[in-house]
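Contents: one structure, followed by commentary.
Number of protein chains: 2
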Amino acid sequence: MSVARQRLVETARDLFARHGIPNVGINQVIAAAKVARMSLYNHFASKDELVLAAFEAEAARRRQAIEAAQADAPTPRARVLALFDVAEALASEAGFRGCAFLNLAVETAAPESRGHALARRHKEWIRDNLAVQLRQAGAAAPEALAEQILVLWDGGIVGAYVRRTPAPLRAARTAALTLMSQAAAG
Amino acid sequence: MSVARQRLVETARDLFARHGIPNVGINQVIAAAKVARMSLYNHFASKDELVLAAFEAEAARRRQAIEAAQADAPTPRARVLALFDVAEALASEAGFRGCAFLNLAVETAAPESRGHALARRHKEWIRDNLAVQLRQAGAAAPEALAEQILVLWDGGIVGAYVRRTPAPLRAARTAALTLMSQAAAG
DNA sequence: ATATAGATAGACCGTTCTGTCTATTTGGAG
DNA sequence: CTCCAAATAGACAGAACGGTCTATCTATAT
């Protein structure tokens, strides 16, 4: 992997996530990456291909952040809550724009596009991660509960973005705790 | 209100919601509305102004849909669930693109923009509507619970969009029921 | 019947954007 | 040293878009 390509992907990942795909032009990317225009088109057939590579990198980054936060957690329940810690940390950053993958799905209109599929895969990874923790916690129906907590997570993130307050994420965390307690008791 | 203006707002509301703001050009709007280019610019200073008017109309439409669904519901709890019925009906339509207001916030990058504020107001209206029902249902902390159920609603909608299945909305509904039962019992 | 305000069609302008082409330079392997 | 692949700068094309301008038409109210 050439250094020019690495710089392109990393720069594009940052710019697309922070400002949105249609708001970042090719010229911006190559200027920020300090790379020639033709270097981009030697490595990627089009802007769309660069977008896909950038969001694959973003997905890997997010998975690592989640796993790092979970590594410190002693119990399955704490590993579930770690996801909300990651989201709150993200939401407190300047230029927070919600979930990059939900935005990707919105900005690449076609539902059968590869960008949409990438977003879907990322969400399924999170749901499966949650299901693993919940199974370890002994929940009665770990998959169903994982689906519910993923909904809370997504809703908390988009709510925090649109309302510009961490309140939805706090509410999501509280609700997740309630659901987990209910699942353990029932 | 002139007929040309009405047709513009209604057409723009439909097109922007179904295809996304950046994907719908002025030419498309005026062609679909069968209105002259200058009629648009006589009523609206710019595309942004048309976008705002269109989404104000969309917000009114959504509020009406929710209130209509709630009108048939006999109990406060049923009126809360009516919101999820509305969302599921929306998600089952062809060309479903998630929540138009979350998309508006994403597509109008600036968080201090009027579009962003419009989306925020719409979400707050839904939260307040939920709080009214939950207070009537005798929940211990209706505002906090309303916040949690709004999170479930948003998360269910975006999940249904990105994963192209009603599963997240069903999970959201189930979780809302659990939280309401918990709040009544506790 | 006429005046007036609004609607119409369409040419036009400037900007922005993606993507191509060319000519030149760099750097590492044989 | 030489060669070759990759990187570079920048001009250029082609298209789409938002927005302006003009000249014509239509309908309604007096």
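Here the protein sequences come in this chain order: A and B.
Numbered continuously in my numbering, the first sequence closes out at residue 186.
Numbered continuously in my numbering, the second sequence closes out at residue 1186.
Even glycine gets a Cβ: it sits at the ideal position worked out from N, Cα and C.
Contact list for residue i against chain A, beta-carbon separation under 8 Å
{"i": "residue 1174(B)", "result": "144 and 148"}
{"i": "residue 1012(B)", "result": "Within 8 Å Cβ-Cβ: nothing; residue 1012(B) doesn't reach chain A, min ~17 Å."}
{"i": "residue 1060(B)", "result": "Going along chain A, no residue has its Cβ under 8 Å from residue 1060(B), so there is no contact; the nearest lies around 18 Å."}
{"i": "residue 1091(B)", "result": "None at all; the shortest Cβ gap to chain A is about 12 Å."}
Interface residues of chain A facing residue i [CB-CB closer than 7 Å]
{"i": "residue 1022(B)", "result": "22"}
{"i": "residue 1154(B)", "result": "155, 158 and 159"}
{"i": "residue 1167(B)", "result": "147"}
Within chain B, partners of residue i - CB distance below 7 Å
{"i": "residue 103(A)", "result": "1106"}
{"i": "residue 178(A)", "result": "1179 and 1182"}
{"i": "residue 115(A)", "result": "Per Cβ cutoff of 7 Å: no residues; residue 115(A) is ~11 Å from chain B at best."}
{"i": "residue 9(A)", "result": "Here the premise fails: no neighbours, minimum Cβ distance about 22 Å."}
{"i": "residue 71(A)", "result": "In chain order: nothing, as chain B lies at least about 26 Å away."}
Backbone secondary structure at residue i - three-state DSSP
{"i": "residue 1047(B)", "result": "helix"}
{"i": "residue 1166(B)", "result": "coil"}
{"i": "residue 96(A)", "result": "coil"}
{"i": "residue 1010(B)", "result": "helix"}
{"i": "residue 1105(B)", "result": "helix"}
{"i": "residue 155(A)", "result": "helix"}
{"i": "residue 113(A)", "result": "coil"}
{"i": "residue 128(A)", "result": "helix"}
{"i": "residue 72(A)", "result": "coil"}
{"i": "residue 999(B)", "result": "Coverage of chain B is limited to positions 1001 through 1186, which leaves residue 999(B) absent and any answer about it impossible."}
{"i": "residue 1039(B)", "result": "helix"}
{"i": "residue 24(A)", "result": "coil"}
{"i": "residue 123(A)", "result": "helix"}
{"i": "residue 1031(B)", "result": "helix"}
{"i": "residue 54(A)", "result": "helix"}
{"i": "residue 1137(B)", "result": "coil"}
8 Å CB neighbourhood of residue i in its chain, flanking five on each side removed
{"i": "residue 22(A)", "result": "107"}
{"i": "residue 89(A)", "result": "none"}
{"i": "residue 1012(B)", "result": "1024, 1029, 1033, 1050, 1051, 1053 and 1054"}
{"i": "residue 1128(B)", "result": "1146"}
{"i": "residue 1002(B)", "result": "1043"}
{"i": "residue 184(A)", "result": "137, 138 and 139"}
{"i": "residue 1091(B)", "result": "1157, 1160, 1161, 1166 and 1169"}
{"i": "residue 82(A)", "result": "66, 69, 70, 72 and 73"}
{"i": "residue 96(A)", "result": "90, 160 and 161"}
{"i": "residue 80(A)", "result": "130, 133, 134, 137, 149, 176 and 180"}
Interface partners of residue i on chain B, CB under 8 Å
{"i": "residue 163(A)", "result": "1120, 1123 and 1124"}
{"i": "residue 19(A)", "result": "1109"}
{"i": "residue 132(A)", "result": "Chain B residues near residue 132(A): none, gap ~17 Å exceeds 8 Å."}
{"i": "residue 137(A)", "result": "Near residue 137(A) there are no residues of chain B at all, since even the closest Cβ is about 16 Å away, more than 8 Å."}
{"i": "residue 51(A)", "result": "Here the premise fails: no neighbours, minimum Cβ distance about 14 Å."}
Proximal residues of chain A, C-beta to C-beta of residue i below 9 Å
{"i": "residue 1075(B)", "result": "Simply none; closest approach about 22 Å."}
{"i": "residue 1054(B)", "result": "Those within 9 Å of residue 1054(B) in chain A number zero; the least Cβ separation is about 17 Å."}
{"i": "residue 1233(B)", "result": "Summary: the structure shown does not reach residue 1233(B), with chain B confined to residues 1001 through 1186, and so no result is reported for it."}
Sequence-distant residues of its chain with Cβ nearer than 6 Å to residue i (five each side left out)
{"i": "residue 1137(B)", "result": "1076 and 1077"}
{"i": "residue 176(A)", "result": "149 and 152"}
{"i": "residue 1119(B)", "result": "1101, 1104 and 1105"}
{"i": "residue 143(A)", "result": "131"}
{"i": "residue 57(A)", "result": "9 and 13"}
{"i": "residue 64(A)", "result": "none"}
9 Å Cβ cut-off: residues of chain B touching residue i
{"i": "residue 98(A)", "result": "1102, 1105 and 1106"}
Contacts around residue i, its chain only, beta-carbon distance under 7 Å, and the 5 residues preceding and following it disregarded
{"i": "residue 87(A)", "result": "153, 156, 157 and 169"}
{"i": "residue 1114(B)", "result": "1052"}
{"i": "residue 35(A)", "result": "4, 7 and 8"}
Contact the stretch 1116–1127 of chain B vs the stretch 1075–1082 of chain B: 3+ CB pairs below 8 Å:
no
Three or more C-beta pairs under 8 Å: does that hold for the stretch 146–158 of chain A against the stretch 1145–1164 of chain B?
yes
Segment contact flag, the stretch 1005–1014 of chain B with the stretch 1159–1169 of chain B, C-beta cutoff 8 Å, min 3 pairs
no
Could you tell me whether the stretch 1016–1031 of chain B touches the stretch 1084–1103 of chain B, using the rule of 3 or more Cβ pairs below 8 Å?
yes
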